[in-house]
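K.L.:
Quick note on my numbering: the sequence shown kicks off at 86 and runs consecutively.
Here a beta-carbon is modelled for each residue, glycine too, at the ideal position from N, C-alpha and C.
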Amino acid sequence: MAQSSSHPLSGGDDRKALFQNQSARSDPYSRVKDDYNVSNQRFIEREQEQQQLLMRDQDQQLDGVMHTVGNIREIAVVMGRELDDQTNLLTDLEQNVDTTQGKLQLGLRRVNEFIKANADSKQQWTILILIIVLILLILLIIFV
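1. Can you tell me whether Val150 is helix, strand or coil according to DSSP?
2. In whole angstroms, give me the CA-to-CA distance for Gln143 and Arg158.
3. Can you tell me whether DSSP reads Asn203 as helix, strand or coil?
4. Taking only the alpha-carbon atoms, compute the straight-line gap between Gly315 and Arg194 and give it to the nearest angstrom.
5. Quick one: grab the DSSP three-state call for Val123.
6. In angstroms, rounded to a whole number, what distance separates the CA positions of Leu168 and Gln133?
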């Protein structure tokens with residue numbers, strides 16, 4: 086029995102150490118689970134960083150878009166004012182053209198009336214005879 090007490094497994098201390106090692110090793114996948122959890126945590130942190138970078142980039146792009154939209158708005162306001170001014174100018178021009186057209190029609194009507202009034206051939210012959218008499222009188226005065 087002395088031999089059996091010298092056996093390393095026969096001692097009480099040795100048994101406790103053996104069982105403690107065995108209980109620590111009871112879950113052989115605990116290290117894998119810990120590595121998996123750490124790996125997942127790292128992945129989540131990297132994804133969060135990437136999403137924050139993406140959101141910052143998108144915020145910068147949106148700021149640029151807002152600036153561009155503001156510029157376009159200002160241009161649209163200026164164009165609206167310019168269109169209003171051009172509309173007023175065209176309205177004034179239209180009124181002036183209408184007034185001038187009325188005056189031209191009145192003038193053409195008077196010219197037509199004058200032509201009709203002078204269309205009588207008797208008046209034309211009378212005027213022609215008077216012009217010839219006037220020329221003869223002027224010639225008589227000059228040469229006499």
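P.N.:
In brief:
1. Here residue 150 is taken as the residue at index 65 of the sequence shown, counted from 1. Here DSSP, grouped into helix, strand and coil, assigns Val150 to helix.
2. Indexing the sequence shown from 1 puts residue 143 at position 58. Indexing the sequence shown from 1 puts residue 158 at position 73. Rounded to the nearest whole angstrom, the C-alpha separation of Gln143 and Arg158 is 22 angstroms.
3. On the sequence shown, position 118 is the one that residue 203 refers to. Here DSSP, grouped into helix, strand and coil, assigns Asn203 to coil.
4. Since the displayed the chain opens at 86 and closes at 229, residue 315 lies outside it and no answer follows.
5. Counting from 1 along the sequence shown, the entry for residue 123 is found at position 38. Val123 carries a helical assignment under DSSP once its states are collapsed to helix, strand and coil.
6. Within the sequence shown, residue 168 is the residue found at index 83, counting from 1. Within the sequence shown, residue 133 is the residue found at index 48, counting from 1. Taking the CA atoms as reference points, Leu168 sits about 51 angstroms from Gln133.
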